[in-house]
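2 protein chains.
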Amino acid sequence: MDKEIFLEDFNRISKIGWTKEFGVNREALNEFDIKVRNALIGELKKIGSSISFDDAGNIYGSLNENETNAIIIGSHMDSVPNGGRFDGMYGVIAGLNVLKNFHINGIRKNLMLVDFTNEEGSRWQPDLQGSGIATGVFDKEFIYSRIDRENKKFVDVLKASGFQGKEENRIKNLNPEHFIELHIEQGPVLEKEGYSIGIPYGIVTDIVDFYTFIGESNQAGPTPMNLRKDALVGASRFISEINEIAKKQTPNIVMTVGEINNIPNIYSVIPSIVKLKLDIRSPDQHLAYENASIVYEKAKCIAEDLGLTINKERGWALNTTLFDEDLIKKIEKACKELDLKYKHIYSWATHDAMYMNKITSTAMIMIPSHNGRSHTKEEFSSDEDMIAGLKVLKKVIDLI
Amino acid sequence: MDKEIFLEDFNRISKIGWTKEFGVNREALNEFDIKVRNALIGELKKIGSSISFDDAGNIYGSLNENETNAIIIGSHMDSVPNGGRFDGMYGVIAGLNVLKNFHINGIRKNLMLVDFTNEEGSRWQPDLQGSGIATGVFDKEFIYSRIDRENKKFVDVLKASGFQGKEENRIKNLNPEHFIELHIEQGPVLEKEGYSIGIPYGIVTDIVDFYTFIGESNQAGPTPMNLRKDALVGASRFISEINEIAKKQTPNIVMTVGEINNIPNIYSVIPSIVKLKLDIRSPDQHLAYENASIVYEKAKCIAEDLGLTINKERGWALNTTLFDEDLIKKIEKACKELDLKYKHIYSWATHDAMYMNKITSTAMIMIPSHNGRSHTKEEFSSDEDMIAGLKVLKKVIDLI
């Protein structure tokens, strides 16, 4: 019966803000995020759960009178623009389902459900704002002053939403026993290799460097090839080379240039400035930093060769997060008992579990993403895989 | 005395719409273009010149009663955004100076000065609109319906400017004898090699192809390097390789990617679509088309290698323009008589002379651009070089 309740809740709530053409548009605290928050609160009320908010707008629900020392489960319900239905939402609805099960069959553990605000960070940067505030990683004033594309401050939107609660309600003050986040893989490995469950050792190191290649803008026609200082040629050679460098180290590292800005970007003008962001991730922290240095040297060589100047700034760097070993073992045990094929992996994306890991024993449970697609309307996980993940979550809670 | 008058006129009028910080912002028919047009008309009135406009807003001035069968001199006064003071303006003010000389010393030839509308094409595309209409290359309705960034139609702005004249005033109807355009080189060759004057054989072939590389967007972290279809890696490899191909053929060809658009352009997302414009120019028409095919094959190989699909459309192609040989010989003779070091070159940028060449015997005279800079506030040609070019123009007119 849990299965039917879960699928009904998931299909109904995950479709809020969804269209076939554009996927999910449920950026933090927008109209659709407010709708899913209210839908969640509606479900929690039905089962007599307490409902509270902290000063980041995180939503907490519990069936227990004493909310301290709980096992926290949950994730986030916001999405990137044109995102998928499964990212984040799966973990929250699964957590809700565990509470519903307790409501029907009796409370077996001290559990608390959480929906974190603005995990994605697409509306206000940086990401993981809700968990960052709830765990004390972020300074509240800093997050409150962040502005979105329409120049709206986070604090103003939060206040208007009605979800601003008290600082004392932060998760950190509740001294939680554990945090378990159930999430889609967002990558292709589990499906490709035929596993039902992924058990992350932790979250990989993520270094983001901002590069600027500076050349000289000139009319494209009258400037001979040997007298050019073309910033885009420099950036292109750099992108090609780092791709080769990263490919040779598969599967230990990934390097991505997702964002590039070319100035002045006129077809008949040689580009003078190219700015790009290089994202390097590896479970091996040293390998990540070593590669960041190697490719910087490569960039300097390319710039020298082409008569360009180069500038590199470290955008940010998050070192490898390692989850709680005992909790990982319990997830492994749960998979074995349920006869589910599992694989130890790393999470190559950040999650709220990263900050929760700083204040309590934390782990994640992952399920396959079809074709590895995520942050797109094509994002998909099967009912079977979702139910398997939910079963593992329940079993782990019982094993704690 | 011509020299002082020229420099005074040039320095005064070319600075309209100029700031040190942003260069010249005198896009066609904007407030500053209107100001320079009125300044030009003011000067023409002082010397008793006729003043007329055609239906493209081109301005004509002549000291002769019979305006047919004239030698046309001039260029354009509009600029690109953040452009330089010399491009176009030099040819117009030099032409004005020849008329002023005739006014003072007596009319020796049937001359007509022209200022062409929207040569740059930055406000309304395509470029060369004034000369294109005046020579019958463009359909008037097509040009009239072009809209700028603010959705303003060319015809509406032209009407409001007061510069819309009659179709019968078009240059083509005056059956001109010659067209001579004095212009800055916009490239580094003359200065680098120590020449005062460049005599273009003509204007190079210009092929512009629109490429689209299509891959698959995914979360940057969880997608291993070997399972990616990164459109930006494909485009980058393409840009690097065409640069190498073009460099090997220096100075016979140039290839430029000035414009690139990366989708979705988010640092943490593998790019799914990259659109770019490839501009290929060569005096040798066959070499240009051959290279366009070679690099297309190269793009297909890269796409296949990376699992991308590719799309190529021909944006446009302008074949090589060859100027009048007799007129070129007269320019050469003028340089010799003036003891000026000259070089036969090609114009690697388009000019109004390209369309004028379709209706009359046409040639250009070019002077050095400091460091080859153009379409930027750093654009500069020395007084000495400007005066040398003016002298050649006058001598050529006397030789005709």
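Residue numbers (this note's numbering), protein chains in the order written: chain A, 1 to 400; chain B, 1001 to 1400. By construction, the Cβ of each residue, glycine as well, lies at the ideal position given by its N, Cα and C atoms. Source: prediction; values computed, not measured.
C-alpha distance - residue i paired with residue j, whole-angstrom precision
{"i": "B/Leu-1029", "j": "B/Ser-1122", "result": "11 Å"}
{"i": "A/Asp-279", "j": "A/Ser-293", "result": "13 Å"}
{"i": "A/Ile-93", "j": "B/Thr-1019", "result": "60 Å"}
{"i": "A/Leu-393", "j": "A/Pro-251", "result": "28 Å"}
{"i": "A/Asn-69", "j": "A/Glu-177", "result": "5 Å"}
{"i": "A/Val-269", "j": "A/Asp-33", "result": "44 Å"}
{"i": "B/Met-1386", "j": "A/Arg-228", "result": "25 Å"}
{"i": "A/Gly-48", "j": "A/Asp-115", "result": "17 Å"}
{"i": "A/Gly-372", "j": "A/Asn-265", "result": "33 Å"}
{"i": "B/Asp-1209", "j": "A/Thr-321", "result": "47 Å"}
{"i": "A/Met-255", "j": "A/Glu-150", "result": "31 Å"}
{"i": "B/Ser-1062", "j": "B/Leu-1113", "result": "6 Å"}
{"i": "B/Ser-1196", "j": "B/Glu-1167", "result": "39 Å"}
{"i": "A/Asp-326", "j": "A/Glu-337", "result": "16 Å"}
Backbone secondary structure at residue i - three-state DSSP
{"i": "B/Ile-1400", "result": "coil"}
{"i": "B/Arg-1314", "result": "strand"}
{"i": "B/Glu-1337", "result": "helix"}
{"i": "B/Asp-1201", "result": "In the sequence on display, residue 1201 of chain B carries Tyr and not Asp. Three-state result, B/Tyr-1201: strand."}
{"i": "A/Phe-116", "result": "strand"}
{"i": "A/Lys-248", "result": "coil"}
{"i": "A/Gly-258", "result": "strand"}
{"i": "B/Arg-1373", "result": "coil"}
{"i": "A/Ser-282", "result": "strand"}
{"i": "A/Ser-361", "result": "strand"}
{"i": "A/Val-274", "result": "strand"}
{"i": "B/Lys-1329", "result": "helix"}
{"i": "B/Tyr-1342", "result": "strand"}
{"i": "A/His-178", "result": "strand"}
{"i": "A/Met-366", "result": "strand"}
{"i": "B/Leu-1099", "result": "helix"}
{"i": "A/Asp-230", "result": "coil"}
{"i": "A/Lys-153", "result": "strand"}
Buried versus exposed call for residue i [16 or more other C-beta atoms within 10 Å across all chains shown]
{"i": "A/Asn-58", "result": "buried"}
{"i": "B/Glu-1259", "result": "buried"}
{"i": "B/Met-1356", "result": "buried"}
{"i": "B/Gly-1194", "result": "exposed"}
{"i": "B/Ile-1107", "result": "exposed"}
{"i": "B/Gly-1202", "result": "buried"}
{"i": "B/Ile-1184", "result": "buried"}
{"i": "A/Lys-9", "result": "First, the amino acid is wrong: residue 9 of chain A is Asp here, not Lys. Counting Cβ neighbours within 10 Å, A/Asp-9 comes out buried, since at least 16 surround it."}
{"i": "A/Phe-142", "result": "exposed"}
{"i": "B/Ser-1382", "result": "exposed"}
{"i": "A/Met-390", "result": "Strictly speaking, residue 390 of chain A in this sequence is Leu, with Met absent from that position. By the 10 Å Cβ count, A/Leu-390 comes out buried."}
{"i": "B/Phe-1022", "result": "exposed"}
{"i": "B/Ile-1104", "result": "exposed"}
{"i": "B/Arg-1314", "result": "exposed"}
{"i": "B/Lys-1045", "result": "exposed"}
{"i": "B/Ala-1160", "result": "exposed"}
{"i": "A/Asn-175", "result": "exposed"}
Integer Cβ distance of residue i from residue j, believed to fall under 8 Å
{"i": "A/Leu-190", "j": "A/Met-366", "result": "7 Å"}
{"i": "A/Phe-238", "j": "A/Thr-360", "result": "Wrong, their Cβ atoms sit about 41 Å apart, outside the cutoff."}
{"i": "A/Tyr-346", "j": "A/Ile-199", "result": "10 Å between Cβ atoms; not a contact."}
{"i": "B/Gln-1125", "j": "B/Phe-1138", "result": "Contact doesn't hold; Cβ gap of about 12 Å is too wide."}
{"i": "B/Glu-1004", "j": "B/Ser-1075", "result": "That belief does not hold up - the Cβ atoms of B/Glu-1004 and B/Ser-1075 are roughly 22 Å apart, past 8 Å."}
{"i": "B/Asn-1110", "j": "B/Asn-1064", "result": "5 Å"}
{"i": "A/Ile-133", "j": "A/Arg-170", "result": "7 Å"}
{"i": "B/Pro-1188", "j": "B/Ala-1231", "result": "Contact doesn't hold; Cβ gap of about 34 Å is too wide."}
{"i": "B/Val-1204", "j": "B/Ile-1245", "result": "Not really, about 17 Å apart at Cβ, beyond 8 Å."}
{"i": "A/Ala-303", "j": "A/Gly-234", "result": "6 Å"}
{"i": "B/Leu-1276", "j": "B/Gly-1215", "result": "Wrong, their Cβ atoms sit about 14 Å apart, outside the cutoff."}
{"i": "B/Lys-1395", "j": "B/Ala-1334", "result": "4 Å"}
{"i": "A/Arg-26", "j": "A/Asp-78", "result": "6 Å"}
Along the region 1208 to 1221 of chain B, what residues have a CB closer than 7 Å to any CB found in chain A? Val-1208, Ser-1217, Asn-1218, Gln-1219, Ala-1220 and Gly-1221
Selection of the region 1239 to 1273 of chain B by Cβ proximity to chain A, strictly under 7 Å: Answer in chain order: Ile-1239, Ser-1240, Asn-1243, Ala-1246, Lys-1247, Thr-1250, Pro-1251, Val-1254, Thr-1256, Val-1257, Gly-1258, Glu-1259, Ile-1260, Asn-1262, Asn-1265, Ile-1266, Tyr-1267, Ser-1268, Val-1269, Ile-1270 and Pro-1271.
Closer than 7 Å, Cβ to any Cβ of chain B: which residues of the region 174 to 188 of chain A, in chain order? Glu-185, Gln-186, Gly-187 and Pro-188
Listed from N- to C-terminal order along the chain, which residues in the region 1359 to 1376 of chain B have their beta-carbon within a distance smaller than 7 Å of any beta-carbon of chain A? Gly-1372, Arg-1373, Ser-1374, His-1375 and Thr-1376
Can you give me, in chain order, the residues of the region 148 to 159 of chain A that have a beta carbon less than 9 Å from any beta carbon in chain B? none
If contact means a Cβ-Cβ distance below 7 Å, which residues of the region 1344 to 1358 of chain B contact chain A? For the region 1344 to 1358 of chain B, which is checked against every Cβ of chain A, the residues closer than 7 Å are Trp-1348 and Ala-1349.
Determine which residues of the region 277 to 301 of chain A have a Cβ less than 8 Å from any Cβ of chain B, and write them out in chain order. The residues in question are Lys-277, Asp-279 and Arg-281.
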